[in-house]
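Residues -20 to -1, 1 to 223 (mature numbering (1 follows the signal peptide of the UniProt record, and there is no 0)) are what the sequence shown spells out, left to right.
Take a look at the structure below.
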Amino acid sequence: MRTLFLYTALAGLFFLNACAKTDNYDGPNASMQGQVMDKVTKKPLLTGQGEFSIRLLETSWSDNPAPQDLAVRQDGSYSNSKLFQATYTLQPYGGPFWPAEKIEGFQLGASAEQNFEVTPYLQIKNVKWTLKAENKLDVSCSLTAPVTAGLPQVIEVRPFLSLTPYCGAGNRIDAYYKDEYRTLINKNWSEIGDMQTGEGTETYTINDLPLKSGYTYYVRMGAKVRDTYEKFNYSEIEVIKVP
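Shown next as structure tokens:
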């Protein structure tokens, strides 16, 4: 019995000693930043805060690495200062754009800057708004498609309103995110636009959005297609001050 106790005690000491050994691996000490650009306009992609990501696959140690996603900000920028110095595959992922090219064999040292170009499914053009009596807002827009062949079906157009400069599907006033304040389309591009030029043939208008006196609203229009992610392409943000 005493021998069994002695063996148990020794095993416990070995276990504690193993746990107490210092981890010799360096922590994540690399940083990376960059910008996602619209390939058509050559400007930062119009997006919402955190609505898609830069997907990293660390290929240094595994043939089947788990993905790590870096959120992209509303201005199209991204950054992260807690990465490992390693070899990665990089790709803009999960956004309202045609599948982006992968950058393979990217060597991340202490710091790096890497920009990307993507082609959006849709562009929201000719945004116009009118603030009417009783603070009712009318807003309209049209669409263009930079690439028409193979474009997924267009689902809808709708406005997004916010009380802060962050405005989009993830930063909105829910009271305006209703079916009555959208135009449901569910059509192929050939039914709503020119397949050669990519110009849309329709104007989409949302009427009588009720605003409150004394408030400043941040407003933009969004449209999405029926792909895997169904994220919105956006217009620029308009600032509307209600007297």
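Don't be surprised by glycine CBs; every beta carbon is placed ideally from N, CA and C.
Residue j beta carbon less than 8 Å from that of residue i
{"i": "Val222", "j": "Tyr198", "result": "no"}
{"i": "Lys19", "j": "Glu84", "result": "no"}
{"i": "Ile34", "j": "Leu70", "result": "yes"}
{"i": "Asp207", "j": "Pro100", "result": "no"}
{"i": "Tyr209", "j": "Gly74", "result": "yes"}
Alpha-carbon spacing of residue i relative to residue j, whole angstroms
{"i": "Gln87", "j": "Thr124", "result": "37 Å"}
{"i": "Ala10", "j": "Gln48", "result": "14 Å"}
{"i": "Tyr184", "j": "Leu37", "result": "40 Å"}
{"i": "Leu141", "j": "Ser215", "result": "12 Å"}
{"i": "Gly89", "j": "Ser40", "result": "13 Å"}
{"i": "Lys167", "j": "Ile135", "result": "7 Å"}
{"i": "Asn95", "j": "Gly202", "result": "24 Å"}
{"i": "Thr110", "j": "Ala66", "result": "53 Å"}
{"i": "Asp174", "j": "Gly180", "result": "6 Å"}
{"i": "Asn44", "j": "Glu114", "result": "59 Å"}
{"i": "Arg138", "j": "Cys147", "result": "13 Å"}
The alpha helix (DSSP H) enclosing residue i, as first and last residue numbers
{"i": "residue 272", "result": "No information on residue 272 is available, as it lies outside the stretch -20 to 223 that the chain covers here."}
Among the options, the one whose alpha carbon lies nearest that of residue i
{"i": "Glu93", "options": "Phe77, Cys147, Asn60 and Gln13", "result": "Gln13"}
{"i": "Lys211", "options": "Thr27, Lys108, Ala66 and Ser120", "result": "Thr27"}
Span of the beta strand (DSSP E), counted from its first residue to its last, around residue i
{"i": "Leu26", "result": "No beta strand (DSSP E) holds Leu26; DSSP gives it neither H nor E."}
{"i": "Trp109", "result": "Gln103 to Leu111"}
{"i": "Glu38", "result": "Ser33 to Glu38"}
{"i": "residue 236", "result": "No information on residue 236 is available, as it lies outside the stretch -20 to 223 that the chain covers here."}
{"i": "Ile83", "result": "Ile83 to Leu88"}
Cβ of residue i within 8 Å of any chain B Cβ
{"i": "Ala203", "result": "The question asks about chain B, but that chain is absent: this structure has only one protein chain."}
CB-CB length for residue i against residue j, believed under 8 Å
{"i": "Lys62", "j": "Pro8", "result": "4 Å"}
{"i": "Asp56", "j": "Pro79", "result": "One detail in the question is off: residue 56 reads as Gly in this sequence, not Asp. Not confirmed; about 18 Å, so no contact."}
{"i": "Val107", "j": "Ile186", "result": "Their Cβ separation, rounded to whole angstroms, is 11 Å, which puts Val107 and Ile186 out of contact at 8 Å."}
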